[in-house]
Amino acid sequence: YCDGSANSEFSEARMSALGHPSLGANDLEIVVQRTVRSTNGILFYGASTASLPLGDGVLCVAQPITRVPGIATATIRGVMSFPLDLQAPPLSSVAAGSTVHFQAWYRDAAGIAGSNTSSALSVTFCP
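Numbering-wise, the sequence shown is residues 37 to 163 according to this note's numbering.
In C-alpha cells, the structure reads:
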C-alpha cells in the first residue's frame, strides 16, 4: 500500500517480503528495491497507516512508530535488505494475529529534502 515517491535514480522504491509471516519460523525479510544506490536506510513500523509528507516522500505509517534496529546500505542496484528477528526486541512484542505496517526511509542527497521513503507493506503475523 502507499506508493513511494520518485527518487533521484529510479521511479519509486518498492517494498516486498521474503520468507513467512510466522513468528515461529522467524525467517521474514523485508526487501526494498529501486532506492538510491549505495545509500543508507532504516526500517520502521507501526500498528496503523497514515499519509503525511516526509522528506521527498510520504510517511505511510502512523504514530507511534518503532524503528527496527540496524541500518541497511543499498547495493549498486538500489536494493536494501532488512532481515527481521521476530524473537528479539522490539519485534518480539508483535503478537500472532496482529497486522504491522512497515516502511523504509533512506537518504537521497540529490533530492530536494535529502531523503525519501519507500512504498509500505502490511504484514499480518501468524504463530
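All C-beta atoms, glycine included, are put in the ideal place defined by N, C-alpha and C.
Judged by their CB atoms, residue 110 and residue 77 are nearer to each other than the 9 Å cut-off. Assignment of residue 129 by DSSP, reduced to helix, strand and coil, places it in the helix class. Contact between residue 133 and residue 92 fails: their C-beta atoms lie close to 35 Å from each other, not under 8 Å. Minimum Cα-Cα distance from residue 153 among the listed residues 56, 71, 161, 160 corresponds to 71. Counting along the chain, the unbroken beta strand (DSSP E) around residue 77 starts and ends at 76–82. In this structure, residue 43 places its C-beta atom within 9 Å of the C-beta atom of residue 144.
DSSP places residue 45 outside both helix and strand once states are collapsed to three, so it counts as coil. When secondary structure is reduced to three states using DSSP, residue 137 falls in the strand class.
Residue 38 sits close to residue 94, with the two beta carbons spaced by under 9 Å.
Spanning the alpha carbons of residue 159 and residue 136 requires a straight line of approximately 5 Å.
Taking the C-beta atoms as reference points, residue 155 is found no nearer than 9 Å to residue 73. Beta-carbon to beta-carbon, residue 139 and residue 104 are separated by about 11 Å, too far to satisfy the 8 Å threshold.
With fewer than 16 other CB atoms across the displayed protein chains lying within 10 angstroms of its CB, residue 107 is exposed.
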